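Going by the numbering used here, the first residue of the sequence shown is number 183, and it counts up by one from there.
Working notes, structure below.
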Amino acid sequence: MDRHNAGGVSAFGHEREYPMRTANQIRVLIVDDNADTLEWMKVLLEHDGYATRTADSGAAAEEMRGAWQPQLVLMDLRLPDIDGTELLTRFKEAAPGTEIIMISGHGSVARAVDAMKAGAYSFIEKPVDPDVLLAMITKALERLRLSDENQRLRAQLKGRDRFGDIVGSSEKMQQLFQLITLAAPTDANILIHGESGTGKELVANAVHQNSKRADGPFIRINCAAVPADLIESELFGHKKGAFTGASSDKVGLVQLAEGGSLLLDEIAEVPQQTQVKLLRLLQEREFRPVGASNLVRANFRLICSTNAPLDPQSSKLREDLYFRINTITLEIPPLRDRPEDISLFCDHFLTQFARQHERPVQGIHSAARNALLRYSWPGNVRELEHVLERSVIVAAGTEITLQDLPEIFQQPRRSPASRDALVGQLTLAEIERLAILQALERTNGNKRAAASMLGVYRPTLYGKLRKYKLGEYGKSEATLKPKGGVSSPRDARVAGGADDD
């Protein structure tokens, strides 16, 4: 049948031409007591690819709902045996996920609005324009699709303790998994916050693997590890002879990430001049390699990460760039804030490393597990991973015992009274100095990780190191000995031992 006939020449008095579309056999129930209306709507929708059924009364509609389970209903407000709003309520109670569009005659707009309050998607007035009707159906079905997808994702994530290579059953991690699932399919820029060792690169990779760009490259760079005078060349590439040492053309990471995702770790460490070029890249989607005369188009998804939340007012990052990169923010909670995940990680890493190192270890003794659960994990998941790998290797039997753990896990816990007494012996400067020494000791001298543990930016930590003459990690002078004989950071754990930090 010609499409203009589907529009209903007799109903509208003129012919229309419509493009053919497919609807993948979406089930649409049409409820109206007018036979002509039922006929032309049925022809219109079936020509558009929909599967249709018709009902000329409320009773017939309810019978059809139970037998056929339509996904969308076109329902007249005026029916011979029941008010349309009441029928709408019954449909919504029986099948809440069904989308319903009400059809109202002249003077019934107020009732149609009441029907929308009762759960109808929308309403359309008679005489019905086929174009308007088809557009409204498309929007209603899109909402239905999004609702179904959201329910599917919730069911998929419920009780889930893994997302790719990320492990976590805590409520905070479940929320993170759901946000990744919702954000990944978009092309929005993403900013990831998380202390050192929380797994920012794993989260970035999960975003990439669940995106439309999963088949493209996943390129990553630690901006803090690249000298300031080379970062621009690393990102944008350069032409031969652009600067001293540029003996050949170099393709930058932005170009290598074409069609995929680019992770900029420690984005705040990028020099201001390069930040300007990054901002222009995000605005114009094009860049100029160092020493080049021509612009290059860019097609990639940007993911950035930082060890600490960025404050656009005080950080080294330009405010306009900050607002460009954090369309969606993903917060990775530190391990100390999700202790229920520690046992999960322990079992995960035990299985992984027992297989990798071909060790017979199959479990963790309760005393060892309790010690692992009490520890505050300043190095987060990365520290836990290293501890479990070491313990699997040194374990003599099939179980990790307390003696297989590093010495720090075997130290007795200090009581609150002893902690208070210790604090009373120290000046504020001594406490600060010992806290810095403790952080450096915990991180094996890694200043970035120590700064993250202390909750300060690296420049702040460097200033404190100079202030307390700790430029060589405390080797430039004797360890401070305050009143009471405290002689080392381990003796002066203000927080009461490794278990309470």
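A virtual CB, placed ideally from N, CA and C, is assigned to each residue, including glycine.
All values derive from a computational prediction rather than experimental measurement.
Residue i, DSSP secondary structure in three states
i    : result
I403 : strand
A599 : Confidence at A599 is low in this model, with a pLDDT of 47, below 50, so the placement of that residue is unreliable and no value is reported for it.
D682 : Because the pLDDT at D682 is just 31, under 50, the model does not fix this residue reliably, and the value given afterwards should be weighed accordingly. Reduced to three states, the DSSP call for D682 is helix.
S286 : strand
K274 : helix
V563 : helix
F425 : coil
F418 : helix
T267 : helix
E440 : coil
K432 : strand
A297 : helix
S475 : coil
V310 : coil
R572 : helix
L256 : strand
Presumed contact (8 angstroms Cβ cut-off) between residue i and residue j, rounded CB distance
i    : j    : result
A549 : L584 : 5 angstroms
I507 : D447 : The pair is not a contact, with the Cβ atoms about 12 angstroms apart (cut-off 8 angstroms).
R479 : G442 : With 8 angstroms as the limit, R479 and G442 do not qualify as a contact, their Cβ atoms being about 15 angstroms apart.
A632 : T625 : 5 angstroms
M635 : P515 : Not quite, the Cβ-Cβ distance comes to about 15 angstroms (not below 8 angstroms), so this is no contact.
S415 : A450 : With 8 angstroms as the limit, S415 and A450 do not qualify as a contact, their Cβ atoms being about 20 angstroms apart.
Selected residue, minimal CA-CA separation from residue i, among the options
i    : options                   : result
G434 : E468, A450 and G248       : E468
V574 : G561, V563, P588 and N562 : P588
Q544 : I283, T580 and S487       : T580
A322 : H530, E612, L636 and V255 : V255
I401 : P453, I362, L361 and L438 : L438
Q360 : D369, F345, L328 and I372 : F345
D263 : Q592, D215, G248 and R247 : D215
A217 : G427, R209, T236 and G231 : T236
A558 : S429, D523, T509 and K421 : Here residue 558 is Ser; the residue named in the question, Ala, does not match the sequence. Closest option to S558, Cα to Cα, is D523.
L517 : L554, C486, L463 and L464 : L554
L444 : A302, M246, N481 and P309 : N481
L566 : P542, D529 and R209       : D529
I485 : E501, I510, L499 and P494 : I510
R551 : L503, D586 and D369       : D586
V458 : Q495, S487, A428 and L417 : L417
K382 : F305, P278 and L358       : L358
Residue i Cβ short of 6 angstroms to the ligand GDP heavy atom set
i    : result
Q544 : What this structure holds is no ligand at all, so the ligand GDP is not there to describe.
Span separating the alpha-carbon of residue i from that of residue j
i    : j    : result
L326 : E281 : 7 angstroms
L724 : S286 : Missing from the structure shown is residue 724; the chain here goes from 183 to 683 and no further.
D519 : Q356 : 14 angstroms
R572 : P521 : 21 angstroms
L570 : A617 : 26 angstroms
A424 : H375 : 35 angstroms
L227 : V385 : 44 angstroms
V687 : M223 : The chain is shown from 183 up to 683; residue 687 falls before or after that span and cannot be answered.
F591 : F527 : 17 angstroms
W250 : G350 : 41 angstroms
Y650 : K629 : 15 angstroms
Y232 : T533 : 51 angstroms
N387 : G301 : 40 angstroms
F305 : G248 : 23 angstroms
T204 : A242 : Summary for T204: the model assigns pLDDT 41, below 50, so the residue's position carries little reliability; its value from the coordinates is reported in the next sentence. Rounded to the nearest angstrom, the two C-alpha atoms are 27 angstroms apart.
A474 : A428 : 12 angstroms
Counting only runs of 4+ residues fully inside the region 316 to 387, write out the alpha helix (DSSP H) ranges in chain order. DSSP runs (the alpha helix (DSSP H)) wholly in the region 316 to 387: 353 to 365.
Those runs of the beta strand (DSSP E) which lie wholly inside the region 487 to 558 and span at least 3 residues: Listed in chain order, the complete beta strand (DSSP E) runs (minimum 3 residues) inside the region 487 to 558 are 510 to 513.
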